[in-house]
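S.K.: Supplied in structure tokens, the structure appears directly below.
Protein chains: 2
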Amino acid sequence: MKTIFAEIITIGDEILYGQITNTNSQFISSELDKIGVKVIRHISVSDKANEIKNAIIEAETRADVIIMTGGLGPTKDDITKKTLAEYFDSPMHIDLKVMQWLEDFFTKRGRELSEINKLQALVPDKCKVIYNDWGTAPAMWFEKFGKIFISMPGVPSEMKNLMTNKIIPDLQSYFKTPIILHKIVHTIGIGESMIAEKIAEWEDNLPQNMGLAYLPNYIQVRLRLTGMGENKEILEQEMQAQINTLLPQIEKYIFGFDNDTLEQVVANLLLEKRKTVSTAESCTGGNVGHLFTKIAGSSRYYEGGIISYTNEVKTKLLGVNPQTLAEFGAVSEQTVREMAEGVRKKLGTDIGLATTGVAGPDGATIENPVGTVWIAYSDENKTLARKLTLVNDRLQNIQFASLLLLEFMRKNIG
Amino acid sequence: MKTIFAEIITIGDEILYGQITNTNSQFISSELDKIGVKVIRHISVSDKANEIKNAIIEAETRADVIIMTGGLGPTKDDITKKTLAEYFDSPMHIDLKVMQWLEDFFTKRGRELSEINKLQALVPDKCKVIYNDWGTAPAMWFEKFGKIFISMPGVPSEMKNLMTNKIIPDLQSYFKTPIILHKIVHTIGIGESMIAEKIAEWEDNLPQNMGLAYLPNYIQVRLRLTGMGENKEILEQEMQAQINTLLPQIEKYIFGFDNDTLEQVVANLLLEKRKTVSTAESCTGGNVGHLFTKIAGSSRYYEGGIISYTNEVKTKLLGVNPQTLAEFGAVSEQTVREMAEGVRKKLGTDIGLATTGVAGPDGATIENPVGTVWIAYSDENKTLARKLTLVNDRLQNIQFASLLLLEFMRKNIG
Numbered sequence: 016m017k018t019i020f021a022e023i024i025t026i027g028d029e030i031l032y033g034q035i036t037n038t039n040s041q042f043i044s045s046e047l048d049k050i051g052v053k054v055i056r057h058i059s060v061s062d063k064a065n066e067i068k069n070a071i072i073e074a075e076t077r078a079d080v081i082i083m084t085g086g087l088g089p090t091k092d093d094i095t096k097k098t099l100a101e102y103f104d105s106p107m108h109i110d111l112k113v114m115q116w117l118e119d120f121f122t123k124r125g126r127e128l129s130e131i132n133k134l135q136a137l138v139p140d141k142c143k144v145i146y147n148d149w150g151t152a153p154a155m156w157f158e159k160f161g162k163i164f165i166s167m168p169g170v171p172s173e174m175k176n177l178m179t180n181k182i183i184p185d186l187q188s189y190f191k192t193p194i195i196l197h198k199i200v201h202t203i204g205i206g207e208s209m210i211a212e213k214i215a216e217w218e219d220n221l222p223q224n225m226g227l228a229y230l231p232n233y234i235q236v237r238l239r240l241t242g243m244g245e246n247k248e249i250l251e252q253e254m255q256a257q258i259n260t261l262l263p264q265i266e267k268y269i270f271g272f273d274n275d276t277l278e279q280v281v282a283n284l285l286l287e288k289r290k291t292v293s294t295a296e297s298c299t300g301g302n303v304g305h306l307f308t309k310i311a312g313s314s315r316y317y318e319g320g321i322i323s324y325t326n327e328v329k330t331k332l333l334g335v336n337p338q339t340l341a342e343f344g345a346v347s348e349q350t351v352r353e354m355a356e357g358v359r360k361k362l363g364t365d366i367g368l369a370t371t372g373v374a375g376p377d378g379a380t381i382e383n384p385v386g387t388v389w390i391a392y393s394d395e396n397k398t399l400a401r402k403l404t405l406v407n408d409r410l411q412n413i414q415f416a417s418l419l420l421l422e423f424m425r426k427n428i429g
Numbered sequence: 016m017k018t019i020f021a022e023i024i025t026i027g028d029e030i031l032y033g034q035i036t037n038t039n040s041q042f043i044s045s046e047l048d049k050i051g052v053k054v055i056r057h058i059s060v061s062d063k064a065n066e067i068k069n070a071i072i073e074a075e076t077r078a079d080v081i082i083m084t085g086g087l088g089p090t091k092d093d094i095t096k097k098t099l100a101e102y103f104d105s106p107m108h109i110d111l112k113v114m115q116w117l118e119d120f121f122t123k124r125g126r127e128l129s130e131i132n133k134l135q136a137l138v139p140d141k142c143k144v145i146y147n148d149w150g151t152a153p154a155m156w157f158e159k160f161g162k163i164f165i166s167m168p169g170v171p172s173e174m175k176n177l178m179t180n181k182i183i184p185d186l187q188s189y190f191k192t193p194i195i196l197h198k199i200v201h202t203i204g205i206g207e208s209m210i211a212e213k214i215a216e217w218e219d220n221l222p223q224n225m226g227l228a229y230l231p232n233y234i235q236v237r238l239r240l241t242g243m244g245e246n247k248e249i250l251e252q253e254m255q256a257q258i259n260t261l262l263p264q265i266e267k268y269i270f271g272f273d274n275d276t277l278e279q280v281v282a283n284l285l286l287e288k289r290k291t292v293s294t295a296e297s298c299t300g301g302n303v304g305h306l307f308t309k310i311a312g313s314s315r316y317y318e319g320g321i322i323s324y325t326n327e328v329k330t331k332l333l334g335v336n337p338q339t340l341a342e343f344g345a346v347s348e349q350t351v352r353e354m355a356e357g358v359r360k361k362l363g364t365d366i367g368l369a370t371t372g373v374a375g376p377d378g379a380t381i382e383n384p385v386g387t388v389w390i391a392y393s394d395e396n397k398t399l400a401r402k403l404t405l406v407n408d409r410l411q412n413i414q415f416a417s418l419l420l421l422e423f424m425r426k427n428i429g
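Next comes the structure, spelled out in structure tokens:
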């Protein structure tokens with residue numbers, strides 16, 4: 016089974032100046048990945064004819080499919096179409112179907128179709144036109160010596176629709192694509208190298224048609240197992256068998272699989288167990304509430320919380336004993352336990368969660384350096400607290416403590 | 016004045032598979048742009064030695080500076096360092112300063128420095144080590160025939176700190192870069208094209224050595240004026256004169272300049288006026304509290320808040336009249352006003368802020384479609400509310416409403 020290789024060329028000065036994030040390459044890559052086309056390079060070049068041509072010349076020596084976005088607008092600085100016509104030595108003509116579409120498009124919006132916009136219907140003779148139902152510039156499909164060259168507009172919404180609904184099916188029917196599967200294991204609270212040590216033997220013994228990648232993102236590390244095969248069901252089974260061997264070795268750090276996020280896993284767990292939750296936040300300052308409420312439908316289990324940034328709010332609204340604060344301080348196991356219990360009772364939820372700590376850069380003491388955070392979980396049967404020793408960066412401490420609190424709840428929920 | 020050309024190579028299978036967005040290239044581009052280095056290409060390749068080498072070989076024919084990120088982790092799939100050592104034909108040695116840093120790094124976290132992690136201290140003899148104060152893998156600086164090759168870790172927080180604090184100053188002193196100054200004007204609550212219309216004449220009349228860029232980011236648009244010249248003081252004066260002409264034309268949308276953020280501007284204003292603030296959040300779910308508390312030193316003016324995700328919390332903790340909720344609903348001017356007043360009194364702060372709305376996708380009614388949000392500001396003299404009509408995306412609605420509430424406070428604070 017021959018692997019199909021692809022390269023993606025994004026065209027536009029705004030990318031090279033750093034004015035926009037190149038999200039098109041990611042989207043195209045993930046779509047191609049799903050059908051087993053292997054993307055071997057992303058290239059971004061400016062809106063200059065020779066830069067575009069050079070990128071295509073280089074790409075066609077390596078890849079079977081070259082997908083381009085950008086530079087198809089009607090203004091002077093958009094030169095991709097002209098450049099492709101030259102490159103494929105093709106005259107251009109007016110495509111009547113595109114012209115009709117343009118007329119309808121502008122009429123519907125109560126605007127006149129200008130001469131400049133009519134140029135969108137001008138297409139190279141040697142390309143197959145891929146009609147764009149979501150915008151004004153059509154996509155183009157060229158073939159040369161069995162290689163495919165596709166040019167799409169750079170507007171993400173148009174590109175995404177064209178890619179998913181037209182380009183991908185066309186590529187699937189043109190090429191005989193191999194079967195590639197991915198399985199992702201999500202971990203939290205363990206470093207990349209610690210995992211690598213724990214699973215070294217397993218990794219070394221993976222069969223030839225499988226490979227493992229570590230994808231760290233803050234305190235979360237994703238393990239991605241990639242497999243290639245001829246039969247989807249057999250490959251799926253072989254890979255699942257490998258995953259099943261892996262799981263017990265790092266079980267306590269795993270919170271999910273494939274497209275899971277910690278926030279969503281925790282949300283599903285609360286729904287499944289029919290538990291409600293509230294939050295008492297000091298150092299995380301509302302971020303735990305934000306993690307809950309950014310998930311749609313969170314009002315079914317998240318009732319609210321108290322951001323107790325001062326000791327006064329801790330005593331007045333959460334009912335923390337002033338004696339506790341005086342004796343042990345705000346950043347202490349005793350205080351965080353009273354906060355979690357306090358918010359649970361005050362809001363009448365099944366679970367109360369709490370954070371208190373030194374996010375930094377101010378507020379550090381000898382006992383509690385920057386990065387010291389106490390987190391707590393409380394339900395009707397138990398109250399548990401844990402001390403975290405995090406990093407020297409305020410925002411990271413807020414994010415890490417928030418996520419580790421969600422994980423602490425996930426593990427201890429009754 | 017010779018232009019310095021740069022290329023950026025990001026290394027990692029996860030980029031080519033479309034599993035992460037390549038934000039590193041954008042950040043590096045914008046940093047280089049600020050010092051007048053022209054980025055001519057972005058390349059992303061996989062974690063394979065020959066792919067990395069080929070990308071470098073191609074890049075060095077075109078660029079004066081080649082900046083790489085990724086592939087510097089301690090695990091087997093990270094091969095950038097080894098590949099560079101081979102490429103520059105350089106033996107490797109243990110850098111004692113990096114080793115000391117690693118030992119301190121792990122000791123502080125109460126973890127043992129593993130054999131795998133010790134490999135981070137192994138560096139090619141032919142590179143200048145750029146110490147990474149934000150993580151475990153150092154950056155490397157190679158020179159060959161007057162061209163510069165820089166390799167940084169791919170973790171965005173580490174890369175950004177290295178880039179801003181170490182690489183950029185080093186590049187400026189290595190190359191004779193022209194004098195380029197930037198002045199940024201930050202606006203909120205007005206679209207890019209509306210601004211462009213208002214300031215069209217001013218923009219058309221800018222002198223030849225200045226250019227304007229629109230950098231839109233959600234509801235905030237930054238205007239960046241870039242000037243090039245031979246004398247820094249004169250250029251600075253000329254640019255300030257242009258800015259002074261611009262300001263009155265869009266004054267009511269401007270909240271800051273240069274490195275200002277809305278959060279920091281608001282924080283400075285509260286400190287200057289010696290006012291304290293508290294928050295009552297429904298649809299923003301803690302995100303406004305998070306915006307306040309992500310700023311260091313926020314405990315001097317932010318006392319805390321109540322996340323009132325349910326009506327019960329609104330009445331019980333914020334003192335919203337049940338009658339108000341019954342008559343006007345949770346998403347109403349009346350409710351948001353009572354929330355802001357309630358939290359101000361409950362927490363005893365000078366100012367109370369509140370949000371209530373339909374972030375979506377659930378919860379919409381005919382009167383209140385997704386994107387309807389009420390925000391309020393309350394102090395001892397007045398309570399003001401404003402209705403926002405936002406978008407059809409939950410996370411954006413949370414972010415937009417939070418920022419527009421900060422702006423609402425900035426404008427109305429006494």
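Those protein sequences? They're chains A and B, same order as listed. Counting from 16, one number per residue, gives the positions in the first sequence under this note's numbering. Counting from 16, one number per residue, gives the positions in the second sequence under this note's numbering. No residue lacks a Cβ here, since even glycine has one placed at the ideal position from N, Cα and C. Here the structure is a predicted model, which means the values were calculated and not measured.
List the endpoints of the continuous beta strand (DSSP E) containing A:I58.
M.R.: In the first sequence, counting from the first residue as 1, residue 58 of chain A sits at position 43. Counting along the chain, the beta strand (DSSP E) containing A:I58 begins and ends at K53 to V60.
S.K.: Between which two residues does the beta strand (DSSP E) harbouring B:K159 extend?
M.R.: Along the second sequence, read from residue 1 onward, the residue named residue 159 of chain B stands at position 144. Here the beta strand (DSSP E) through B:K159 covers A154 to K159.
S.K.: In or out: A:E356 buried (at least 16 other Cβ within 10 Å) or exposed?
M.R.: If you number the first sequence from 1, residue 356 of chain A lands on position 341. By the neighbour-count rule (16 or more Cβ atoms within 10 Å), A:E356 is buried.
S.K.: Should B:H305 be labelled buried (16 or more other beta-carbon atoms within 10 Å of its own) or exposed?
M.R.: Residue numbering aside, residue 305 of chain B sits at position 290 when the second sequence is read from its first letter. The residue is buried, with at least 16 neighbouring Cβ atoms inside 10 Å.
S.K.: Using a Cβ cut-off of 9 Å, pull out every chain B residue sitting near A:G10, in sequence order please.
M.R.: The question about residue 10 of chain A has no answer, for chain A in this structure spans 16 to 429.
S.K.: Over what stretch of residues does the alpha helix (DSSP H) that includes A:K143 continue unbroken?
M.R.: Here residue 143 of chain A is taken as the residue at index 128 of the first sequence, counted from 1. That residue, A:K143, is in no alpha helix (DSSP H); its beta strand (DSSP E) goes K143 to I145.
S.K.: List the whole-angstrom C-beta distance separating A:V60 from A:T192, where the pair is believed to meet the contact cut-off of C-beta under 8 Å.
M.R.: The sequence position of residue 60 of chain A within the first sequence is 45, counting from 1. The sequence position of residue 192 of chain A within the first sequence is 177, counting from 1. Contact between A:V60 and A:T192 is absent: CB atoms are separated by about 27 Å, not below the 8 Å threshold.
S.K.: Using 10 angstroms around the beta-carbon of B:Q41, count the other beta-carbons present and answer buried if the total reaches 16, otherwise exposed.
M.R.: Looking up residue 41 of chain B in the second sequence gives position 26. Counting Cβ neighbours within 10 Å, B:Q41 comes out buried, since at least 16 surround it.
S.K.: So is B:S393 in contact with chain A if we call contact Cβ pairs under 8 Å?
M.R.: Residue 393 of chain B sits at position 378 when you count from the first residue of the second sequence. Answer no: the Cβ-Cβ gap between B:S393 and chain A never drops below 8 Å.
S.K.: Helix, strand or coil for B:I109? Go by DSSP, reduced to three states.
M.R.: Taking the second sequence and counting its residues from 1, the one referred to as residue 109 of chain B is at position 94. If DSSP states are grouped into helix, strand and coil, B:I109 belongs with the strands.
S.K.: State yes or no: is the C-beta of A:M243 within less than 8 Å of the C-beta of A:I194?
M.R.: Taking the first residue of the first sequence as position 1, residue 243 of chain A is located at position 228. Taking the first residue of the first sequence as position 1, residue 194 of chain A is located at position 179. Their beta carbons are under 8 Å apart, which means A:M243 touches A:I194 by this criterion.
S.K.: In this structure, does DSSP put A:E395 in helix, strand or coil?
M.R.: In the first sequence, residue 395 of chain A corresponds to position 380, counting from 1. It is coil, neither helix nor strand.
S.K.: What is the rounded straight-line gap between the Cα of A:F436 and the Cα of B:I30?
M.R.: In this structure chain A extends from 16 to 429, so residue 436 of chain A is not present and cannot be described.
S.K.: Measure from the alpha carbon of A:K49 to the alpha carbon of each residue in A:T339, A:L186 and A:T25, then state which is nearest.
M.R.: Translated into positions along the first sequence, residue 49 of chain A becomes position 34. It is A:L186 whose Cα lies nearest to the Cα of A:K49.
S.K.: Between the beta-carbon of B:P376 and the beta-carbon of A:A282, is there less than 8 Å?
M.R.: Within the second sequence, the letter at position 361 stands for residue 376 of chain B. Within the first sequence, the letter at position 267 stands for residue 282 of chain A. The beta carbons of B:P376 and A:A282 sit no closer together than 8 Å.
S.K.: Write down every uninterrupted run of the alpha helix (DSSP H) in the stretch 279 to 367 of chain B whose length is 4 residues or greater and which is fully enclosed by it, in chain order.
M.R.: 302 to 308, 326 to 331, 337 to 343 and 348 to 362
S.K.: Tell me, please, whether the CB atom of B:E318 is closer than 8 Å to any CB atom in chain A?
M.R.: Counting from one through the second sequence, the residue named residue 318 of chain B turns up at place 303. Chain A, which has a Cβ nearer than 8 Å to the Cβ of B:E318, makes this yes.
S.K.: Hey, quick one: how far does the beta strand (DSSP E) through A:I249 stretch, first residue to last?
M.R.: The residue given as residue 249 of chain A occupies position 234 in the first sequence. From DSSP, A:I249 is part of no beta strand (DSSP E) but of the alpha helix (DSSP H) over K247 to L261.
S.K.: From B:W389 to B:E395, what distance separates their C-alpha atoms?
M.R.: Numbered from its first residue, the second sequence carries residue 389 of chain B at position 374. Numbered from its first residue, the second sequence carries residue 395 of chain B at position 380. In a straight line, the C-alpha of B:W389 is about 20 Å away from that of B:E395.
S.K.: Cβ closer than 9 Å: which chain A residues qualify as neighbours of B:G51?
M.R.: Counting from one through the second sequence, the residue named residue 51 of chain B turns up at place 36. What B:G51 touches in chain A: nothing, since even the nearest Cβ is about 12 Å away.
S.K.: I'd like to know if the stretch 98 to 108 of chain A and the stretch 129 to 149 of chain A are in contact, where contact means that at least 3 CB-CB pairs between them fall below 8 Å.
M.R.: yes
S.K.: In the DSSP assignment, find the unbroken beta strand (DSSP E) run with B:A228 in it and report its ends.
M.R.: Taking the second sequence and counting its residues from 1, the one referred to as residue 228 of chain B is at position 213. M225 to N232 is the extent of the beta strand (DSSP E) around B:A228.
S.K.: Under 8 Å, Cβ to Cβ, is there at least one residue of chain A near B:R409?
M.R.: Translated into positions along the second sequence, residue 409 of chain B becomes position 394. Taking 8 Å as the threshold, the shortest C-beta distance from B:R409 to chain A falls below it.
S.K.: Do you know how far the Cα of B:E216 is from the Cα of B:Q257?
M.R.: The residue given as residue 257 of chain B occupies position 242 in the second sequence. The residue given as residue 216 of chain B occupies position 201 in the second sequence. Distance between the alpha carbons of B:Q257 and B:E216: 12 Å.
S.K.: Spatial neighbours of A:Y317 within its chain, please: C-beta separation below 7 Å, excluding the five flanking residues on both sides.
M.R.: Residue 317 of chain A sits at position 302 when you count from the first residue of the first sequence. Cβ neighbours of A:Y317 within its own chain (closer than 7 Å, five residues either side excluded): V292, F307 and T308.
S.K.: With three or more C-beta pairs closer than 8 Å as the rule, is the stretch 154 to 166 of chain B touching the stretch 230 to 242 of chain B?
M.R.: With a cut-off of 8 Å, the stretch 154 to 166 of chain B and the stretch 230 to 242 of chain B do not count as touching, because too few Cβ pairs lie within range.
S.K.: Are the beta-carbon atoms belonging to A:E353 and A:V335 less than 8 Å from one another?
M.R.: Within the first sequence, numbered from 1, the residue matching residue 353 of chain A stands at position 338. Within the first sequence, numbered from 1, the residue matching residue 335 of chain A stands at position 320. Their beta carbons are under 8 Å apart, which means A:E353 touches A:V335 by this criterion.
S.K.: So what does DSSP say about A:Q235, is it helix, strand or coil?
M.R.: Here the question's residue 235 of chain A lines up with position 220 in the first sequence. In the structure shown, A:Q235 sits in a strand (DSSP, three-state: E or B).
S.K.: Using three-state DSSP, classify B:P193 as helix, strand or coil.
M.R.: Indexing the second sequence from 1 puts residue 193 of chain B at position 178. B:P193: coil per DSSP, three-state reduction.
S.K.: Measure the C-alpha to C-alpha separation of A:I428 and A:L284 and round it to an integer number of angstroms.
M.R.: Within the first sequence, numbered from 1, the residue matching residue 428 of chain A stands at position 413. Within the first sequence, numbered from 1, the residue matching residue 284 of chain A stands at position 269. Rounded to the nearest angstrom, the two C-alpha atoms are 9 Å apart.
S.K.: Tell me, please, whether the CB atom of A:F42 is closer than 8 Å to any CB atom in chain B?
M.R.: As a working mapping, residue 42 of chain A is identified with position 27 in the first sequence. Contact with chain B is found for A:F42, since one of that chain's Cβ atoms lies less than 8 Å from the residue's Cβ.
S.K.: At the level of alpha carbons, what is the spacing between B:W156 and B:I183?
M.R.: As a first step, residue 156 of chain B must be located in the second sequence, where it is residue number 141. As a first step, residue 183 of chain B must be located in the second sequence, where it is residue number 168. Going from the Cα of B:W156 to the Cα of B:I183 covers about 12 Å.
S.K.: How big is the Cα-Cα spacing for A:T18 and A:A78?
M.R.: Counting from one through the first sequence, the residue named residue 18 of chain A turns up at place 3. Counting from one through the first sequence, the residue named residue 78 of chain A turns up at place 63. About 10 Å.
S.K.: Given a cut-off of 8 Å, decide if A:I145 and A:M83 are closer than it, judged by their beta-carbon atoms.
M.R.: By 1-based counting over the first sequence, the position of residue 83 of chain A is 68. By 1-based counting over the first sequence, the position of residue 145 of chain A is 130. Not closer than 8 Å, so no.
S.K.: Mind listing, in chain order, the continuous alpha helix (DSSP H) runs of no fewer than 4 residues lying wholly within the stretch 67 to 128 of chain A?
M.R.: 95 to 102 and 111 to 123
S.K.: Tell me which residues share the same chain as A:V358 and place their Cβ nearer than 7 Å to its Cβ, disregarding the 5 neighbours each side in the sequence.
M.R.: As a first step, residue 358 of chain A must be located in the first sequence, where it is residue number 343. Excluding sequence neighbours, A:V358 sits near S293, T294, A295, G320, I321, L333, G367 and A369.
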